[in-house]
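Presented below is the structure to which this report refers.
Number of protein chains: 2
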Amino acid sequence: MTGKVNLAAKLASFSEHFSPRIVADLNNYKIEVVKAKGEFVWHTHPDTDDFFLVLSGHLTIQLRDRDVELGPGDLYVVPRGVEHCPKATEEAHILLIEPKGTPNTGDAGGERTAVETRI
Amino acid sequence: MTGKVNLAAKLASFSEHFSPRIVADLNNYKIEVVKAKGEFVWHTHPDTDDFFLVLSGHLTIQLRDRDVELGPGDLYVVPRGVEHCPKATEEAHILLIEPKGTPNTGDAGGERTAVETRI
């Protein structure tokens, strides 16, 4: 059973960028927080939509045909199969929701693929 | 395809309490905002966990054996099958995530059951 989770406290407990941490479970989904700074990698999730909610700061979700600019309290769902690359000039704090087992780098893989880590 | 969603703007567009509005989709889940004030009804979701994230204000999730007190930035997932009753003394704004088709009143039904409404 998951207890109450304070997102700010969870975010204060680590400093790595683009290294999501699981903070709660919702059925077969993982609820994660992540610190974004710099540019991630272009990738696609062929089997799932990808949920982003900006908690603080500003996040750009680059799509191949446009940029989606998100500030605090903005959410965006990248549809499954749509290539995207998040970037943030200054550190931004993000809530992510994805099916368990979904790699952060989607189909791209590579050295920035994170191990699912629970805090 | 869902566009960018500003949660505060969505919340400013209606005033009813305990009347969730769908603002985005994540696979077969609905992302909703709701304004809570007063006490809802005791109910159980036998088939799904129930996600609450407080965006503003304070929400008490009453369980049969304790109360879970949530402030801004606190999230809590009520496990499937656990009876609960949300209440808020002053108006609180909440983000909800549930499988589509999940009634807000769970197994309790009754007059406070909301029609799924998208804004």
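Note that the protein sequences, when read in sequence, are chains A and B. Start counting the first sequence at 1; every next residue gets the next number (our numbering). Start counting the second sequence at 120; every next residue gets the next number (our numbering). The beta-carbon is built from N, C-alpha and C at its ideal position, and this holds for glycine as well.
Residue range of the unbroken beta strand (DSSP E) whose run includes residue i
i	result
alanine 310 of chain B	No answer is possible for residue 310 of chain B: it lies beyond the span of chain B, which begins at 120 and ends at 238.
lysine 154 of chain B	148-158
histidine 58 of chain A	Premise fails: histidine 58 of chain A is in no beta strand (DSSP E) and is neither H nor E.
alanine 227 of chain B	Per DSSP, alanine 227 of chain B belongs to no beta strand (DSSP E) and is neither H nor E.
glutamate 90 of chain A	84-99
valine 122 of chain A	There is simply no residue 122 of chain A to check, as chain A begins at 1 and stops at 119 in what is shown.
valine 77 of chain A	74-78
Other residues of its chain near residue i: CB distance less than 7 Å, five sequence neighbours each side excluded
i	result
alanine 233 of chain B	Ser138, Pro139 and Asn223
serine 13 of chain A	Ile119
Cα-Cα separation, residue i to residue j
i	j	result
glutamate 135 of chain B	valine 153 of chain B	8 Å
methionine 1 of chain A	valine 142 of chain B	Residue placement at methionine 1 of chain A is flagged as unreliable, the pLDDT there being 47, under the threshold of 50; the coordinate-derived value follows with that caveat. The alpha-carbon atoms of methionine 1 of chain A and valine 142 of chain B are separated by roughly 28 Å.
alanine 207 of chain B	lysine 100 of chain A	32 Å
glutamine 62 of chain A	cysteine 85 of chain A	5 Å
aspartate 67 of chain A	tryptophan 42 of chain A	13 Å
glutamate 188 of chain B	leucine 172 of chain B	12 Å
lysine 4 of chain A	aspartate 144 of chain B	24 Å
leucine 178 of chain B	alanine 211 of chain B	6 Å
tyrosine 76 of chain A	isoleucine 94 of chain A	11 Å
glutamate 98 of chain A	aspartate 65 of chain A	24 Å
threonine 221 of chain B	glutamate 202 of chain B	15 Å
histidine 109 of chain A	isoleucine 238 of chain B	Residue identity differs from the one stated: residue 109 of chain A is glycine in this sequence, not histidine. When rounded, the distance between both Cα atoms is 36 Å.
arginine 112 of chain A	glutamate 235 of chain B	39 Å
glycine 192 of chain B	lysine 37 of chain A	21 Å
glycine 57 of chain A	threonine 167 of chain B	32 Å
glycine 71 of chain A	asparagine 125 of chain B	9 Å
asparagine 146 of chain B	tyrosine 29 of chain A	11 Å
leucine 55 of chain A	alanine 127 of chain B	13 Å
Spatial neighbours of residue i in its chain, beta-carbon cut-off 6 Å, leaving aside the 5 residues before and after
i	result
aspartate 50 of chain A	Val78
glutamate 39 of chain A	Lys87
Run of the alpha helix (DSSP H) containing residue i, from where it starts to where it stops
i	result
lysine 10 of chain A	7-11
Neighbourhood of residue i by C-beta, 8 Å cutoff - its chain only, sequence neighbours within 5 removed
i	result
histidine 164 of chain B	Val197, Arg199, Gly200, Glu217, Thr221, Gly225 and Asp226
glutamate 32 of chain A	Pro20, Arg21, Ile22, Val23, Leu95, Leu96, Ile97 and Glu98
lysine 129 of chain B	Arg140, Val142, Val152 and Ile238
glutamate 90 of chain A	Lys37, Gly57 and His58
Residue i: CB within 7 Å of a non-hydrogen atom of the ligand NAP
i	result
glutamate 39 of chain A	With respect to the ligand NAP, the structure shown offers nothing to examine, as it has no ligands at all.
### Query
Mind listing which residues of the stretch 153-171 of chain B have their C-beta closer than 8 Å to chain A's C-betas, in chain order?
Look at the stretch 153-171 of chain B: the residues with a C-beta under 8 Å from a C-beta of chain A are Thr167, Asp168 and Phe170.
### Query
Using a beta-carbon distance cut-off of less than 7 Å, what residues from the stretch 70-82 of chain A approach chain B?
Cβ contacts with chain B come from Leu70, Gly73, Asp74, Leu75, Tyr76, Val77 and Pro79.
### Message
So if I threshold CB-CB distances at 8 Å, which residues from the stretch 120-144 of chain B count as touching chain A?
### Response
Answer in chain order: Met120, Thr121, Gly122, Lys123, Val124, Asn125, Leu126, Ala127, Val142, Ala143 and Asp144.
#### Entry: Contact set between the stretch 208-221 of chain B and chain A, restricted to residues whose Cβ is under 7 Å from the partner
Those would be Ile216, in chain order.
### Task
Please list the residues of the stretch 52-69 of chain A that have a C-beta atom closer than 7 Å to any C-beta atom in chain B, keeping them in chain order.
So the list reads Val68, given in the order they occur along the chain.
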